[in-house]
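Reading the sequence shown from the start, the letters are residues 0 to 215 in numbering that gives the first Met the number 0.
Cβ atoms here follow ideal geometry from the backbone N, Cα and C, with glycine treated the same way.
Notes follow once the structure below has been shown.
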Amino acid sequence: MKIFLDTANLDEIKKYAEMGIVDGVTTNPTLVAKEGANLKEYTLKICEMVDGDISAEVIATDYEGIVKEGREIAKWHKNVVVKIPFIPEGVKAIKTLSSEGIKINCTLIFSANQALLAAKAGAYIVSPFAGRIDDMGQDSMQTIAEIRQIFDNYGIECQILFASTRHPRHVVDAATMGCDICTMPAGVLEKMFKHPLTDKGLTQFLSDWEAVKDKQ
Ligand code: G3P
0 MKIFLDTANL DEIKKYAEMG IVDGVTTNPT LVAKEGANLK EYTLKICEMV
50 DGDISAEVIA TDYEGIVKEG REIAKWHKNV VVKIPFIPEG VKAIKTLSSE
100 GIKINCTLIF SANQALLAAK AGAYIVSPFA GRIDDMGQDS MQTIAEIRQI
150 FDNYGIECQI LFASTRHPRH VVDAATMGCD ICTMPAGVLE KMFKHPLTDK
200 GLTQFLSDWE AVKDKQ
């Protein structure tokens, strides 16, 4: 499973990209606004740091506007994936842009039916928002399992990107359910490193070594 960072923060991306564990990056208007950033400038900087799919989202909500913005964004860099919200005008734009060879990440997916329609229109990636589904009191795992099964049943090659990841257990859920990608905030990735027995074990190793180090 590919690991993506869900952030527009360049320091966070640099830190984990240097470890070789980041396969791509997703941003959205909220994340870009949080950094007070210029979307094109930041997207290009991210492309320099990570050699993988980098999603940048359109702001338009009408067909013509989405197509215009999508074509423009796609020209920025070969690794840029155009993120389009799942709305009827967006689905129509996915059809147009994907037929031109532009890679689309269809975002704001909350049901298997939405994922099926986005994939049918030609999306390269669908992004179900697991955390927000759970927030509604629904079972995101059921939705993800349904999408996986539908795509497998019909050989649909569209990638499933587990989004709205809230904790490290979600990452395990994404991987065990066969998602192609899991995108997560840096805070969740940081927690994936942690285990108290790793810290305890290392402390013990170092203190045992301290006792004999003069004999080395
Ligand atoms: O980038 C889309 C998604 O991952 C947002 O997550 O935590 O705002 O629901 P969240």
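Any non-hydrogen atom of the ligand G3P closer than 7 Å to residue i Cβ
i: Phe-128; result: yes
i: Ala-162; result: yes
i: Asn-8; result: no
i: Asn-27; result: yes
i: Arg-147; result: no
i: Asp-179; result: no
i: Asp-5; result: yes
i: Thr-182; result: yes
i: Arg-168; result: no
i: Arg-70; result: no
Contact check, residue i vs residue j, beta carbons under 8 Å
i: Ala-122; j: Asp-5; result: no
i: Ile-132; j: Phe-109; result: yes
i: Thr-60; j: Glu-88; result: yes
i: Glu-218; j: Thr-26; result: A query on residue 218 cannot be resolved here, the shown segment of the chain reaching from 0 to 215 and no further.
i: Cys-181; j: Thr-202; result: no
i: Ser-97; j: Ala-120; result: yes
i: Asp-179; j: Met-18; result: no
Proximal residues to residue i (C-beta, below 7 Å), its chain only, five neighbours per side dropped
i: Ala-92; result: Tyr-62, Ile-65, Val-66, Gly-69 and Ile-83
Same chain, Cβ closer than 6 Å to residue i, five either side skipped, listed in chain order
i: Val-80; result: Asp-52, Ser-54, Lys-102 and Asn-104
i: Gly-130; result: Ser-163 and Arg-165
Cβ distance (whole Å) where residue i is taken to contact residue j below 8 Å
i: Val-125; j: Ile-159; result: 6 Å
i: Ile-2; j: Val-49; result: With a Cβ gap of about 11 Å, Ile-2 and Val-49 do not count as contacting.
i: Leu-41; j: Val-31; result: Note on identity: in this sequence residue 41 is Tyr, with Leu being the wrong assignment. With a Cβ gap of about 6 Å, Tyr-41 and Val-31 count as contacting.
i: Ile-149; j: Ala-111; result: 6 Å
i: Pro-127; j: Ala-117; result: So it is not a contact: roughly 10 Å between Cβ atoms.
i: Lys-39; j: Ala-7; result: That belief does not hold up - the Cβ atoms of Lys-39 and Ala-7 are roughly 12 Å apart, past 8 Å.
i: Val-211; j: Met-191; result: No, Val-211 and Met-191 are not in contact; Cβ-Cβ is about 34 Å, not under 8 Å.
Residues near residue i in its chain [Cβ-Cβ closer than 8 Å; skip 5 each side]
i: Arg-147; result: Ile-159, Met-176, Gly-177 and Cys-178
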